[in-house]
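Numbering (the working numbering), first residue to last: 317 to 672.
By construction, the Cβ of each residue, glycine as well, lies at the ideal position given by its N, Cα and C atoms.
Dropping the structure here:
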């Protein structure tokens, strides 16, 4: 395990070593300028760690800096244990250097940090559409189309596959809709690596760790034993895919008792073709290709296998989702969901996504 940086100088040393994605050391005064002095109407969200603010890097902030919108994650000094651990992404063993070296289009980019006095702040790229959770379950936003749901699943799967296949494998450990963020084009990116862990190396089959994560998404064998493997993430991916299919939350206490845990309720229905369409999100109004729904359902079914060794690898999940990126229902086929139109690669035709 690498030594954890415990002071600004050690953080600066890590920053310089992050050659693939050099991090910018911001002053707290610069952060105040970015966020209009952390104005309340700039708050994007919050949690036990503190608040996230929308910020703007302008040309006059620092010479040579390109204008860009950012998300500024300010960690609450009153919660020093959680805050200090999370701001350095410490619950895992790769620390800040991970975000500097493992750069990928489906991971939210860390732009910089502030480690000044008691302030612990991380500055990320701004994701305009927020979390998948907010988009999928919103009562205000228009429903996500089938095509966008599959685009989200595909992007998130590529992010997980990248982590699992890194030179030093990483297990994300907290894969859920609230941790998948969307940019303006609905490209999915994984965020919040506070619970991620180094994966097993050499002849080791698993990592033993304290049980953390989110109930409803966490793999059953991990909850029971604390044994963590990349296939623990695969189970969580299956839950998210089931959420995208059904429009239901992983846990929903407002539903009948037998339907409150989505994975337990949905798993036996995924392989029954006659019942499957009855659990597809009604907000899609039948505007989806049935064969693609069946393929996505079977993929979720295999991801949710109680036997972790029987679950597919993330690279195989990516391969399975790729063909579903071109399946779309034509407007005149709405309600006739047994017909699939496959758009040829490079086609320019634009469809109504019901999501703008």
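>> What residue range does the beta strand (DSSP E) around residue 441 cover?
In response: If you number the chain shown from 1, residue 441 lands on position 125. Per DSSP, the continuous beta strand (DSSP E) segment holding residue 441 begins and ends at 435 to 441.
>> Which residue marks the beginning of the alpha helix (DSSP H) containing residue 560, and which one marks its end?
In response: Along the chain shown, one-based indexing puts residue 560 at 244. First-last of the alpha helix (DSSP H) with residue 560: 546 to 562.
> Which same chain residues, not among the five before or five after residue 410, have their C-beta less than 6 Å away from its C-beta?
Replying inline: If you number the chain shown from 1, residue 410 lands on position 94. Only weak support exists for where residue 410 lies, its pLDDT of 38 falling under 50; the value from the coordinates is given anyway. There are no such residues.
> Where does residue 345 sit, in a helix, a strand or coil, going by DSSP?
Replying inline: Taking the first residue of the chain shown as position 1, residue 345 is located at position 29. Helix, per DSSP.
>> Once the 5 residues before and after residue 468 are set aside, which same chain residues still bring their CB inside 8 Å of it?
In response: Taking the first residue of the chain shown as 1, we reach residue 468 at position 152. The residues 448, 460, 496, 498, 502, 504, 560, in chain order, have a CB closer than 8 Å to that of residue 468 in the same chain once the five nearest residues on each side in sequence are set aside.
>> Let's see if you can read the secondary structure: which residues bound the alpha helix (DSSP H) around residue 618?
In response: Within the chain shown, numbered from 1, the residue matching residue 618 stands at position 302. Annotation for residue 618: the continuous alpha helix (DSSP H) segment containing it runs 606 to 619.
>> Please list the terminal residues of the continuous beta strand (DSSP E) segment that includes residue 505.
In response: To locate residue 505, count along the chain shown from 1; it is residue 189. Per DSSP, residue 505 belongs to the beta strand (DSSP E) from 504 to 506.
>> Just to confirm my understanding: we take residue 500, look at its own chain, exclude 5 residues before and 5 after, and list those with CB closer than 8 Å. What are they?
In response: Taking the chain shown and counting its residues from 1, the one referred to as residue 500 is at position 184. The residues are 444, 445.
> In whole angstroms, what separates the C-alpha of residue 557 from that of residue 616?
Replying inline: Here residue 557 corresponds to residue number 241 of the chain shown, with the count starting at 1. Here residue 616 corresponds to residue number 300 of the chain shown, with the count starting at 1. Straight-line Cα distance between these residues: approximately 6 Å.
> Who does residue 380 pair with in a DSSP beta bridge?
Replying inline: Within the chain shown, numbered from 1, the residue matching residue 380 stands at position 64. In DSSP, residue 380 forms no bridge with anything.
> Are there 16 or more other CB atoms within 10 angstroms of the CB of residue 426, so buried, or fewer, so exposed?
Replying inline: Residue mapping note: residue 426 aligns to position 110 of the chain shown, counting from 1. It counts as buried.
>> Suppose you measure from the CA of residue 361 to the CA of residue 597; what does that come to, to the nearest Å?
In response: Taking the chain shown and counting its residues from 1, the one referred to as residue 361 is at position 45. Taking the chain shown and counting its residues from 1, the one referred to as residue 597 is at position 281. Each residue's alpha carbon lies about 27 Å from the other.
> Around the Cβ of residue 574, are there at least 16 other Cβ atoms within 10 angstroms (buried) or fewer (exposed)?
Replying inline: The residue you call residue 574 lines up with position 258 of the chain shown. Burial call: exposed.
> By a C-beta neighbour count over all protein chains shown, 10 Å radius and 16 as the cutoff for buried, is residue 508 buried or exposed?
Replying inline: In the chain shown, residue 508 corresponds to position 192, counting from 1. Counting of Cβ neighbours within 10 angstroms places residue 508 among the buried residues, the total reaching 16 or more.
>> Measuring alpha carbon to alpha carbon, tell me which residue in 570, 579, 621, 562 is nearest residue 593.
In response: Along the chain shown, one-based indexing puts residue 593 at 277. Closest option to residue 593, Cα to Cα, is 562.
> Which term fits residue 376, buried or exposed, when burial requires 16 or more other beta carbons within 10 angstroms of its beta carbon?
Replying inline: Walking along the chain shown from the start, residue 376 turns up at place 60. Around the C-beta of residue 376, fewer than 16 other C-beta atoms lie within 10 Å, and the residue is accordingly described as exposed.
> What's the C-alpha gap between residue 387 and residue 353?
Replying inline: Translated into positions along the chain shown, residue 387 becomes position 71. Translated into positions along the chain shown, residue 353 becomes position 37. Spanning the two alpha carbons is a distance of roughly 14 Å.
> Between residue 547 and the rest of its own chain, which residues show a CB-CB distance below 6 Å, the 5 nearest in sequence each way excluded?
Replying inline: Translated into positions along the chain shown, residue 547 becomes position 231. Within the same chain, residue 547 has close Cβ partners 624, 627.
>> Let me check understanding here. Comparing Cα to Cα, which of 614, 373, 551, 602 lies closest to residue 584?
In response: As a first step, residue 584 must be located in the chain shown, where it is residue number 268. Across the set 614, 373, 551, 602, the C-alpha of 614 shows the shortest separation from the C-alpha of residue 584.
> Thinking C-alpha only, which one of 490, 564, 553 is nearest residue 578?
Replying inline: Your numbering for residue 578 matches position 262 in the chain shown. When C-alpha distances from residue 578 are compared across 490, 564, 553, the shortest belongs to 564.
> When we look at the beta-carbon of residue 604 and count the other beta-carbons within 10 Å, is it buried (16 or more) or exposed?
Replying inline: Residue 604 sits at position 288 when you count from the first residue of the chain shown. Residue 604 is buried by the Cβ-count criterion.
> Is residue 439 near residue 506, with beta carbons less than 9 Å apart?
Replying inline: What you label residue 439 is simply residue 123 of the chain shown in a count that begins at 1. What you label residue 506 is simply residue 190 of the chain shown in a count that begins at 1. 9 Å or more divides the Cβ of residue 439 from the Cβ of residue 506.
> Based on Cα-Cα distance, which residue from 342, 371, 550, 341 lies nearest to residue 355?
Replying inline: Position 39 of the chain shown holds residue 355. It is 371 whose Cα lies nearest to the Cα of residue 355.
> What are the boundary residues of the alpha helix (DSSP H) that residue 636 is part of?
Replying inline: Position 320 of the chain shown holds residue 636. Annotation: the continuous alpha helix (DSSP H) that includes residue 636 extends over 630 to 637.
> Any idea if residue 369 is buried or exposed, counting beta-carbon neighbours within 10 angstroms, 16 or more meaning buried?
Replying inline: Numbered from 1 along the chain shown, position 53 holds the residue referred to as residue 369. Burial call: buried.
> In whole angstroms, what is the alpha-carbon distance linking residue 455 and residue 430?
Replying inline: For this step, residue 455 is matched to residue 139 along the chain shown. For this step, residue 430 is matched to residue 114 along the chain shown. Straight-line spacing of the CA atoms in residue 455 and residue 430 works out to 36 Å.
> Hey, residue 490 and residue 533: beta-carbon distance below 9 Å or not?
Replying inline: By one-based count along the chain shown, residue 490 stands at place 174. By one-based count along the chain shown, residue 533 stands at place 217. In this structure, residue 533 lies closer than 9 Å to residue 490 by Cβ.
> Taking just the CA atoms, how far does residue 538 sit from residue 641?
Replying inline: Walking along the chain shown from the start, residue 641 turns up at place 325. Walking along the chain shown from the start, residue 538 turns up at place 222. Distance between the alpha carbons of residue 641 and residue 538 is about 31 Å.
> What number of angstroms, rounded off, separates the C-alpha of residue 396 from the C-alpha of residue 528?
Replying inline: Reading the chain shown from its first residue, position 80 is the one you call residue 396. Reading the chain shown from its first residue, position 212 is the one you call residue 528. With a pLDDT of 45 at residue 396, under the threshold of 50, the predicted position of this residue should be treated as unreliable, and no value is reported.
> residue 378: buried (16+ other C-beta within 10 angstroms of its C-beta) or exposed?
Replying inline: Along the chain shown, one-based indexing puts residue 378 at 62. So residue 378 ends up on the exposed side.
>> With DSSP as the reference, identify every bridge partner of residue 577, one or two as the case may be.
In response: Sequence index remark: in the chain shown, residue 577 carries index 261 (1-based). 567, per the DSSP bridge assignment.
> Does the Cβ-Cβ distance between residue 570 and residue 530 come in under 9 Å?
Replying inline: As a first step, residue 570 is located in the chain shown; it is residue number 254 there, counting from the start. As a first step, residue 530 is located in the chain shown; it is residue number 214 there, counting from the start. Contact flag unset, no.
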